[in-house]
Amino acid sequence: MTPTTGMPHGGAASRRTFLRAAGALGGVVVLSAAAGVPLAAAAGARTRVYVLVTDGCRPDEVTADLTPNLYALRRAGTWYPNARSLPVMETIPNHVMMMTGVRPDRSGVPANAVFDRLEGAVRDLDRATDLRFPTVIERLNAAGYRTGTVLSKKYLHGIFGTRATYRWEPAPLVPVTNHAPDAFTTDALISMVDSVDPDLVFTNLGDIDRVGHSDLTGSTTLEVARTAALASTDQQVGRFVQHLKDTGRWEASVLVVLADHSMDWSVPTRVVSLAPALDADPLLTGRVQIAQNGGADLLYWTGNAADRPAAVTRIRGVVGGVTGVLSTHLPTDLRLGPEAGDVVAYCKAGWRFSDPAVWSNPIPGNHGHPVTEPIPFFLAGGSRRVAFGEVRTDVAHTVDVGPTVGELFGLPAPSGGYDGTSRL
Amino acid sequence: MIERRTFLAGSAAAAAVLGPGGALAQPAAATSTSAGAFRHGIASGDPLPDAVLLWTRVTPTADSLPGSGCGPRVAVGWQVATDPGFRLVVAHGSTVTGPERDHTVKVDAKGLTPATAYYYRFTFDRTTSPVGRTRTAPAPTSSPDRLRFALVSCSNWEAGYFSAYRHLAARGDLDAVLHMGDYVYEYGTGQYAYGQSNAVVRPHEPAHEMVTLADYRQRHAQYKTDPDLQALHAAVPWITTWDDHETANDAWSGGAENHQPDEGDWATRKAVARTAYDEWMPVRLSGTSALGDGVQVYRHLQFGRLADLTMLDLRSYRSQQVATTDLGSAGDSARTITGAAQLQFLKDRLADNDAVWKLVGNPVMISPVLFPPLDQYVAGPVADMTGVLPPDGVAYNVDQWDGYTADRRELVDFLADRGVTNTLFLTGDIHSAWACELPVDPGTYPLSRTVGVELVATSVTSNNLDDLTGSPPRTTSLAVEDAIKASNRHVKYLDFDSHGYSVLTITPREIQMDWYVTSDRADQAATSTWSTGWRVAAGSSKLTAATGEAR
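Residue numbers (the numbering used here), protein chains in the order written: chain A, 35 to 458; chain B, 9 to 559.
Right under this line is the structure:
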């Protein structure tokens with residue numbers, strides 16, 4: 035493929051340059067880059083790192099039959115079978131943990147959705163300014179490396195913004211889920227590698243996760259759809275690996291393959307709605323905002339600050355007594371910052387939160403609660419930096435990706451150090 | 009477990025005795041009269057990274073017989089070395105024993121190096137014990153490439169010889185032996201022995217059911233004279249818990265099926281059984297090697313980041329089994345099999361997640377087992393062996409977790425809610441071999457989530473289905489097994505007929521349990537054959553059949 039440069043969006047032309055490339059699906063892949071950055075492939079056999087997030091994949095779904103490519107990569111590489119997502123087990127905070135190497139109390143990104151006290155509204159943390167800690171992406175750029183983001187979800191594209199040297203804006207987007215299918219995402223990944231060959235590419239493959247979210251019919255077709263999505267995503271991973279091999283890149287490649295969280299399913303009768311219980315309490319009624327995050331609710335006291343200690347105690351008492359609630363926590367206990375509010379509530383396995391009303395969340399597949407902590411996590415690739423055929427007993431976490439990438443490039447730890455550990 | 013029908017049949021029968029090969033013979037003289045200060049062998053147990061418990065029993069004078077209360081107080085020396093020739097002794101000492109503790113010796117040898125093989129021996133007067141070999145646990149933060157444990161249970165002296173122990177002792181590749189209980193049996197001679205007629209392969213001492221402290225001491229002492237048992241104790245550290253027969257059949261916190269009013273107060277009987285267990289087993293009760301300082305046998309052991317092991321006590325704190333006329337109460341939330349403190353202890357350990365594999369030493373089965381309607385020919389024996397009551401078809405064995413479903417629901421929900429992975433229940437009790445996945449909801453399995461796997465070792469000698477039906481092995485039982493598996497799709501493997509032992513090979517990548525079948529229990533030289541193996545890949549909670557023995 036021969037990259038061509040152009041300016042498809044005139045308004046941004048003054049600040050960005052664009053690259054158009056043909057994808058395997060016959061479409062055109064459009065990549066953007068910061069102004070002044072060359073859109074040409076670099077030569078050399080230096081290490082390339084590809085972080086591949088199989089969004090929402092459960093560790094028990096990586097099998098020889100269902101996902102043969104992922105299984106083979108895991109078997110040949112360095113596998114951490116005791117790996118976990120971190121609170122809140124949602125997409126945005128865990129992707130941020132991967133790229134910063136620090137917990138949400140340092141990054142400012144504790145969940146997908148928060149109640150923004152300044153704006154007085156619940157919103158997604160999908161703005162580049164929401165992320166307050168330097169990512170390895172930016173720090174690599176500063177060290178002279180070139181980075182790329184190929185993120186299938188609109189809100190991930192939003193929060194990582196223009197940090198990477200090269201970006202792909204997810205397209206086409208599936209209605210409802212706001213994500214690009216993995217075939218298109220993989221097209222973009224391959225195009226980016228072929229055209230500009232970044233040292234680090236951070237990729238999110240959203241199909242596995244989005245099957246759970248988009249199937250509103252319940253569980254009747256879910257298993258079939260999930261299986262199809264796993265097989266399809268696995269094919270895309272296989273296609274990317276084969277491409278690296280076909281183009282002579284494999285021996286210089288390190289793949290960090292993991293999920294941001296896993297997935298839990300609930301039936302419509304197992305729905306927890308906290309708003310009615312909170313509104314029934316005279317102290318709390320009308321004074322608690324809820325940011326719903328699937329299997330976790332973030333609760334914000336909006337009343338008089340002086341009443342906050344009593345209100346927090348009351349919230350925990352009320353919420354803890356609601357059927358389907360597993361536990362309540364103070365954000366500090368989970369290393370979540372003030373953005374997470376005053377109380378975090380988890381639901382039990384097989385349940386989901388739906389606020390403010392029981393019909394607000396019709397999605398059967400959810401995450402955010404502890405049952406969705408286990409994730410696949412392994413290093414693969416042809417690079418000698420990867421230990422081949424090893425299984426390690428350490429408990430790996432999403433936050434370990436940052437220090438792993440940092441070590442691969444010899445990047446010093448950020449100010450204050452990492453919260454994760456290199457898993458190289 | 010419930011063996012009422014067998015028990016009644018045995019009581020009515022004369023105490024026939026089987027010799028090697030199954031031929032009728034005169035009772036052999038008990039070997040506990042054999043001479044030597046260390047005639048009951050040596051043992052080690054409960055390995056920690058820096059300590060191992062060492063055990064022996066000394067017979068200083070001819071009258072210092074187990075349970076006699078006779079004999080002098082004497083000093084016994086002990087040594088631990090890194091070589092079998094004891095040129096490099098790394099720990100040593102001396103301790104005093106006497107009739108007040110039935111001349112048993114328990115030493116907690118400390119200051120040892122993790123993941124290291126050691127040799128130990130005892131000295132008394134000018135006598136030296138046989139040399140034992142033991143091994144410390146790996147350091148807590150280490151990552152062992154492999155662990156290998158034997159899993160055994162239900163070793164009834166009168167039902168046969170402990171060839172399983174002999175074959176395990178010969179392996180030389182074990183890190184520990186896990187015994188899930190029924191290490192000794194309480195019955196009097198002929199009450200519960202070999203096959204349909206309860207033929208006695210070798211008679212119990214004392215000949216009557218053990219009830220008093222002296223009885224329990226003598227019975228433990230007799231088992232400790234078995235050469236195969238001695239060989240395995242000398243070769244590998246053991247990690248043991250008790251089930252019911254260490255006190256009496258179907259024990260619960262306030263009594264037992266096999267405890268009658270004319271046998272005295274239950275609390276007293278339970279206490280003396282615990283005392284004898286503490287004296288005679290290489291185990292730290294309440295965390296120490298001392299006697300009389302507590303009887304808590306549930307405990308936690310760590311094997312680096314590869315595995316941790318929580319051993320349970322499912323007899324001391326449990327509610328009474330539900331009556332056959334009241335099976336609907338099995339799910340009553342007021343009833344417990346663990347007791348609240350032990351269940352919390354288990355949940356805390358499982359949540360800790362500092363090891364890939366969370367092993368639970370689980371004396372009785374936790375997997376739900378719904379028995380299908382059975383042919384009357386086999387229904388009775390199945391009921392005898394498994395405790396299904398009544399024998400013509402009610403669903404659950406109420407002596408297992410099936411009889412305490414509130415506790416099981418709490419534990420299963422906990423595993424699901426917290427996303428606890430790689431949990432394995434290692435089980436005995438049921439005289440049969442099982443491999444099951446543990447579903448959150450057995451009714452919707454396999455569509456619903458599984459939270460762990462249960463692997464059940466069969467009995468070393470205690471009767472199982474073909475013994476009770478009188479059928480040749482692997483004939484009539486096959487239909488029963490198929491019927492149970494059809495009704496319980498989470499049950500992947502079931503062998504109702506075989507005796508033997510299991511070996512668990514643990515690596516970071518997977519666990520494999522291998523089942524080995526021994527030939528005739530009445531044959532002192534019984535052979536051992538690999539039967540099958542089942543694997544669990546890390547992260548999967550799914551069973552797959554192995555193609556051969558784990559290497």
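Backbone N, C-alpha and C define an ideal beta-carbon position, used for all residues, glycine too.
Min CB distance residue i to chain B below 8 angstroms
i, result
"A/E124", "no"
"A/D453", "no"
"A/E441", "no"
"A/D294", "no"
"A/A145", "no"
"A/K382", "yes"
"A/P102", "no"
"A/N116", "yes"
"A/R369", "no"
"A/R419", "no"
Cross-strand partners of residue i (DSSP beta bridge)
i, result
"B/R95", "Its beta-bridge partners do not exist; DSSP assigns none."
"B/L309", "B/L317"
"B/E445", "B/V461"
"A/N400", "A/D298"
"A/T101", "According to DSSP, which records beta bridges pairwise, A/T101 is partnered with nothing at all."
"A/V326", "In the sequence on display, residue 326 of chain A carries Gln and not Val. Looking at the DSSP assignment, A/Q326 forms a beta bridge with A/D331."
Residue burial classification, residue i (beta-carbon count within 10 angstroms, cutoff 16)
i, result
"A/P437", "buried"
"B/G44", "exposed"
"A/V210", "exposed"
"B/Q268", "exposed"
"A/R201", "buried"
"A/T303", "exposed"
"B/P450", "buried"
"B/L96", "exposed"
Within-8 angstroms CB hit, residue i to chain A
i, result
"B/S548", "yes"
"B/P516", "yes"
"B/T429", "yes"
"B/S205", "no"
"B/D356", "no"
"B/R313", "yes"
"B/S151", "yes"
"B/H253", "no"
"B/V364", "yes"
"B/L455", "yes"
Nearest candidate by alpha-carbon position, reference residue i, set the options
i, options, result
"A/D160", "A/A177, A/A176 and A/V130", "A/V130"
"A/C381", "A/T357, A/D221 and A/V271", "A/T357"
"B/S171", "B/K550, B/D58, B/L551 and B/T537", "B/T537"
"B/W523", "B/W274, B/A465, B/T431 and B/A342", "B/A465"
"B/R65", "B/G75, B/R47, B/R227 and B/D71", "B/R47"
"B/V305", "B/E265, B/W250 and B/Q408", "B/W250"
"B/W63", "B/P152, B/I50, B/W442 and B/L335", "B/I50"
"B/I374", "B/A530, B/G411 and B/A348", "B/G411"
"B/W365", "B/L317, B/A331 and B/G336", "B/L317"
"A/N116", "B/R313, B/F157, B/P107 and B/G53", "B/R313"
Residues near residue i in its chain [Cβ-Cβ closer than 6 angstroms; skip 5 each side]
i, result
"B/P148", "Q310"
"A/E124", "A145, N146, N327 and G402"
"B/T69", "G79"
"B/M218", "E194, Y224 and R227"
"B/A83", "S102 and V104"
Beta-carbon proximity list for residue i, same chain, < 7 angstroms, skipping 5 on both sides
i, result
"A/G416", "W284, E285 and S287"
"B/R154", "T513, I514 and T515"
"A/R118", "E407, P408, I409, V429 and H431"
"A/T169", "M133, T134 and R197"
"B/L293", "D286, G302, V303, Q304 and V305"
Within-8 angstroms CB hit, residue i to chain E
i, result
"A/R260", "Annotation note: the requested chain E is absent from the structure, which comprises protein chains A and B."
8 angstroms CB neighbourhood of residue i in its chain, flanking five on each side removed
i, result
"A/G272", "P102 and N103"
"A/R466", "Not covered by the structure: residue 466 of chain A. The range shown for chain A is 35 to 458."
"B/G498", "Looking at the sequence shown, residue 498 of chain B is not Gly but His. Cβ neighbours of B/H498 beyond the five flanking positions: S375, P376, C444, E445, L446, P447, P450, Y453, P454 and T458."
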